[in-house]
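Residue numbering for the sequence shown follows the numbering used here, beginning at 78 and increasing consecutively. Note that beta-carbon positions come from the ideal geometry of N, C-alpha and C, so glycine has one too. Some notes on the structure that comes next.
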Amino acid sequence: RRVEWAKILDFGLVRNPAQDITATGAGMGTPEYMSPEQARGERALGPATDVYALGGVLYRCLTGQRAFEGDEGRTVLAKVARGDGPPRVADVRPEIPTAVDELVAAMMAPDPAQRPPDGLAVAERIRAARDGLDAADRHARPVERTSLTTSEQAPVAVLFVELGRDAARPPWSAPLAV
Numbered sequence: 078r079r080v081e082w083a084k085i086l087d088f089g090l091v092r093n094p095a096q097d098i099t100a101t102g103a104g105m106g107t108p109e110y111m112s113p114e115q116a117r118g119e120r121a122l123g124p125a126t127d128v129y130a131l132g133g134v135l136y137r138c139l140t141g142q143r144a145f146e147g148d149e150g151r152t153v154l155a156k157v158a159r160g161d162g163p164p165r166v167a168d169v170r171p172e173i174p175t176a177v178d179e180l181v182a183a184m185m186a187p188d189p190a191q192r193p194p195d196g197l198a199v200a201e202r203i204r205a206a207r208d209g210l211d212a213a214d215r216h217a218r219p220v221e222r223t224s225l226t227t228s229e230q231a232p233v234a235v236l237f238v239e240l241g242r243d244a245a246r247p248p249w250s251a252p253l254a255v
């Protein structure tokens, strides 16, 4: 019941290195948030895959729409597997600061080597983007359109990012600066 602490309530799917729960090449997950390498069924997935998925969550939070659209999961999966990049956040929401647009684009780069390597690197890039914002960018702006209405039932993601961490505390147990 403390708003300065965030708890992950659902990992969705968790990989257990001691047990294979899927056959080789079988994919599990939500296609809109799968990395290209995951969508292609590659087995050697690392932290860059999670960075890509988080980029997809940020994209949805910032634009109100999914990075990839399609009538079926297969259609979306094919777009992702081909390495089609999503439209830039700033193309959908021109008022988004350039640093934020560039961060999401880097997180959703088709090549995992072009993404921030892990969550710590993403946090550092978020901090750098925040530090580069001017006062006008730091204030909330009215949204031109509402992405979720009272009649729409859709999952909503809330992202809390720690911008100042006590170096003496491990990153997984540090309170978030809200």
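Please report how far the alpha carbon of residue i lies from the alpha carbon of residue j, in whole angstroms.
| i | j | result |
| --- | --- | --- |
| Ile-173 | Leu-210 | 11 Å |
| Phe-197 | Leu-122 | Residue 197 is actually Leu in this sequence, not Phe. Whole-angstrom Cα-Cα distance: 17 Å. |
| Glu-114 | Ala-158 | 7 Å |
| Arg-207 | Ala-190 | 24 Å |
| Asp-168 | Arg-143 | 14 Å |
| Ala-116 | Ala-205 | 30 Å |
| Asp-195 | Pro-124 | 5 Å |
| Thr-140 | Gly-133 | 10 Å |
| Ile-203 | Asp-178 | 11 Å |
| Thr-107 | Glu-201 | 27 Å |
| Ala-130 | Pro-171 | 22 Å |
| Val-180 | Gly-118 | Note that residue 180 corresponds to Leu in the displayed sequence, not to Val. Approximately 26 Å, taken between the alpha carbons. |
| Asp-188 | Ser-112 | 9 Å |
Terminal residues of the continuous alpha helix (DSSP H) containing residue i?
| i | result |
| --- | --- |
| Ala-190 | From DSSP, Ala-190 is part of no alpha helix (DSSP H); its letter is neither H nor E. |
| Leu-197 | 196-208 |
| Thr-175 | 175-184 |
| Ala-158 | 150-159 |
| Ala-121 | From DSSP, Ala-121 is part of no alpha helix (DSSP H); its letter is neither H nor E. |
| Ala-144 | Note, Ala-144: premise wrong, no alpha helix (DSSP H); not H, not E. |
| Pro-163 | First-last for Pro-163: undefined, no H or E at that position. |
Report, in whole angstroms, the separation of the C-beta atoms of residue i and residue j, which I expect to be a contact under 8 Å.
| i | j | result |
| --- | --- | --- |
| Gly-162 | Met-184 | The Cβ separation is near 11 Å, so there is no contact. |
| Val-153 | Val-199 | About 23 Å separates the two Cβ atoms, so there is no contact after all. |
| Lys-156 | Gly-150 | With a Cβ gap of about 11 Å, Lys-156 and Gly-150 do not count as contacting. |
| Ala-305 | Arg-165 | With the chain covering only 78 through 255, there is no way to say anything about residue 305. |
Give a single yes or no on whether residue i has its beta carbon closer than 7 Å to a heavy atom of the ligand SAM.
| i | result |
| --- | --- |
| Arg-143 | What this structure holds is no ligand at all, so the ligand SAM is not there to describe. |
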